[in-house]
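In what follows, a single structure is set out as structure tokens and then discussed.
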Amino acid sequence: MGPPPADGAQWEYAARGGTTTALWTGRDDTSMDGAENLYDLGTDTTDWRPGDDRGYMQPTDAWPLHAPVGSFRANPFGLFDVLGNALEWTLDAGRPYSQPLREGDGCTSNTDIGSIRGGSFSMLTKRCRVSARLNGIQDARSAGFRVANPIQGGWTQDQDR
Numbered sequence: 027m028g029p030p031p032a033d034g035a036q037w038e039y040a041a042r043g044g045t046t047t048a049l050w051t052g053r054d055d056t057s058m059d060g061a062e063n064l065y066d067l068g069t070d071t072t073d074w075r076p077g078d079d080r081g082y083m084q085p086t087d088a089w090p091l092h093a094p095v096g097s098f099r100a101n102p103f104g105l106f107d108v109l110g111n112a113l114e115w116t117l118d119a120g121r122p123y124s125q126p127l128r129e130g131d132g133c134t135s136n137t138d139i140g141s142i143r144g145g146s147f148s149m150l151t152k153r154c155r156v157s158a159r160l161n162g163i164q165d166a167r168s169a170g171f172r173v174a175n176p177i178q179g180g181w182t183q184d185q186d187r
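Here the sequence shown stands for residues 27 to 187, numbered as in this note's numbering.
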């Protein structure tokens, strides 16, 4: 059996890629064009419609659903698909930023159900931000996980900006 999925703080650190914005690409939805595999007009032709106000949709790409890893730009840390393609399961449950992080791994003590982070091909950009989290695996059809190495040093949490 392989290592466990990343905890929320590890995932968030990696997904931000050293940036301080809600999207590693910048502050507005159009900054994600070509950066992540998110909901687009091609996805809109499938049965994966989001069901709410569509809002901004990414330009159509070659993949209405999942795209091959590395088809879109990497974040500043060189990681692909951290906010698109597939939602990612993390070890600890969604929690307020006021909850302290454990020394050593940055996890919280609330690990019973995990949380889903990031975005997927079936998500509108407005729903996809680094700090977004869902408790449990509600959208398992478009979720997976990413194995992560621990980060050395003290843990900090970024607030949604």
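Beta carbons: idealized from backbone N, C-alpha and C, even for Gly.
None of the values given here were measured: they were computed from a predicted structure.
- CA-to-CA, the gap between Asp118 and Gln125 works out to about 12 Å.
- Non-local C-beta neighbours of Asp59 in its own chain, meaning closer than 8 Å and more than five positions away in sequence, comprise Gln84, Pro85, ordered along the chain.
- Cys154 and Leu64 do touch by the CB rule: their CB atoms are close to 6 Å apart, below 8 Å.
- Collapsing the DSSP output to three states places Ser148 in coil.
- Between Thr134 and Met149, the alpha-carbon positions lie close to 27 Å from each other.
- Under DSSP, Leu113 forms a beta bridge with Ala169.
- Nearest in C-alpha terms to His92, of all of Tyr123, Gly43, Glu62, Pro102, is Glu62.
- Secondary structure of Asp70 (DSSP, three-state): helix.
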